[in-house]
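Participant: Here the sequence shown stands for residues 760 to 1022, numbered as in the working numbering.
Every residue gets a Cβ at the ideal spot worked out from N, C-alpha and C, and that includes glycine.
The structure is given below, and queries will be raised subsequently.
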Amino acid sequence: MTDDAPELRASDADRERVAEVLRDALAEGRLDMTEFEERLDATYRARTYGELAPITRDLPDGTAVVAPKVSMTKKPAASGDWAGRITGGEPSSTWAVAVMSGFQRKGRWTVPRRFNSFAFWGGGDIDLREADFADGEIVINCVAIMGGMNVVVPPGVEVIVRGIGIMGGFDHREEGVPGDPGAPRVIVTGFAFWGGVGVERKLTRAEKLRIKEERRQEKLERRQSRERDPLERDSGPRELDPSRPAFHDLHGDRRGRERRRDS
C-alpha cells in the first residue's frame, strides 16, 4: 500500500488486499485473533490510503499489491496440511482438573497422545480446532461427576466416543463422519455420573470471518455486474417509435414546412 497519496480514496480491491495480508499473518501466528479482528474491522472502515497503510506496516508483505484470494472452505486454515499439525512434539498439557471451578484448553497448544481431565461440580472446555497433535491418534479421557465437559474438534477429524454414563451421558452425534486423508483420530472416553460430556465440530472464528468475507465479495461482484448490464443494453443505436410523441412532433413539423412551401 503506497504512502505517496494518503488522501486518495481507497477502493474495495485495496481493502481486500490488506485483508489478505492480515489473513496470512493470522495463519502464520504473527497476529492473535483479537488483533486480527481489530485490524480487519479497521480495514473495512478505512476510506483512504492513509488509513489503510498503518494497518499492515509492521507485517511482511504489508506493501504488496496482490489480488485477494478468499476461501470458502469449511476447514480451519491449517486443516488441509494435517502432516504439519501432527508434530510428534512435546505436549503443552497432559491433564486438567476442575473442582467447583472450570478449566480451558484452547488456542494453539499441542495435544498429547492421552489427555486426562476431571471435573467435580465444575466444567471444562477442550478445544482442538487450532491445536497440534502429538500423534495421529489421541485419547481424550473425561471424568465428569456432577459436572460437564465439552470437546470441540475441527471439521475433517474422525471422532470415536466410548464413554460410559450413569445418570449422565456422552454425546455421540459426531461419530460416523469419515475423516480427511491424513487427519488425526480423536477418541473420547471416560465416565460421567450426574454429568455429561459433549462433543461437537465447529469452525474457528477465523473461518467464520473468511466465509463472511467471501459472501461479501460475491455480493459486491453481483452488484458490479448489475451496474454494468444496463450500460451495455443502452449502448446500441435507438430508433424512433411511431407511437411516441417525439415521433409525431418531428414529422408534424416537417409536413408543416412542406405545406408552407407549396402555398
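(1) Would residue 775 and residue 976 be called neighbours here (beta carbons separated by less than 8 Å)?
(2) Could you tell me whether the Cβ of residue 954 comes closer than 8 Å to any Cβ of chain D?
(3) In three-state DSSP terms, what is residue 884?
(4) Might you give, ordered along the chain, the residues of its own chain that have their beta carbon closer than 8 Å to the beta carbon of residue 802, omitting 5 neighbours on each side?
(5) Are there 16 or more other CB atoms within 10 angstroms of the CB of residue 902, so buried, or fewer, so exposed?
(6) With a CB to CB cut of under 7 Å and the five nearest residues on each side skipped, what residues in its chain are close to residue 934?
(7) Using a threshold of 7 Å, is the CB atom of residue 966 nearer than that to any non-hydrogen atom of the ligand NAD?
(8) Using a Cβ-Cβ cutoff of less than 6 Å, which residues in the same chain neighbour residue 866 once the five nearest sequence positions on both sides are dropped?
(9) What does the Cβ neighbour count give for residue 772, buried or exposed, with the cut at 16 atoms within 10 Å?
(10) How should residue 770 be labelled, buried or exposed, when 16 other C-beta atoms within 10 angstroms of its C-beta is the threshold for buried?
(11) Which ranges would you report for the alpha helix (DSSP H) in the region 879-931 if only whole runs of at least 4 residues count?
(12) If residue 765 and residue 793 are in contact, beta carbons under 8 Å, what's the gap, nearest whole angstrom?
(13) Kindly indicate which three-state DSSP category residue 959 falls into: helix, strand or coil?
(14) If you reduce the DSSP assignment to three classes, tell me which class residue 842 lands in.
(15) Buried or exposed, going by whether 16 or more other CB atoms sit within 10 Å of the CB of residue 767?
(16) Assuming the contact rule is C-beta atoms closer than 8 Å, residue 959 and residue 911 should be a hit. Round their C-beta distance to whole Å, please.
(17) Can you check whether the CB of residue 896 is closer than 8 Å to the CB of residue 943?
(18) Are the beta-carbon atoms of residue 906 and residue 857 separated by less than 8 Å?
(19) With DSSP as the reference, identify every bridge partner of residue 936, one or two as the case may be.
(20) What's the gap between the Cα of residue 948 and the Cα of residue 846?
Facilitator: Considering the structure as presented:
(1) yes
(2) Of the protein chains in this structure there is only one, and it is not chain D.
(3) strand
(4) 774, 777, 778, 781, 811, 814
(5) buried
(6) 918, 919, 920
(7) Ligands in the displayed structure: none, and consequently the ligand NAD is not present.
(8) 889
(9) exposed
(10) exposed
(11) none
(12) Contact doesn't hold; Cβ gap of about 27 Å is too wide.
(13) strand
(14) helix
(15) exposed
(16) 6 Å
(17) yes
(18) yes
(19) DSSP output for residue 936 lists no bridge partner at all.
(20) 23 Å
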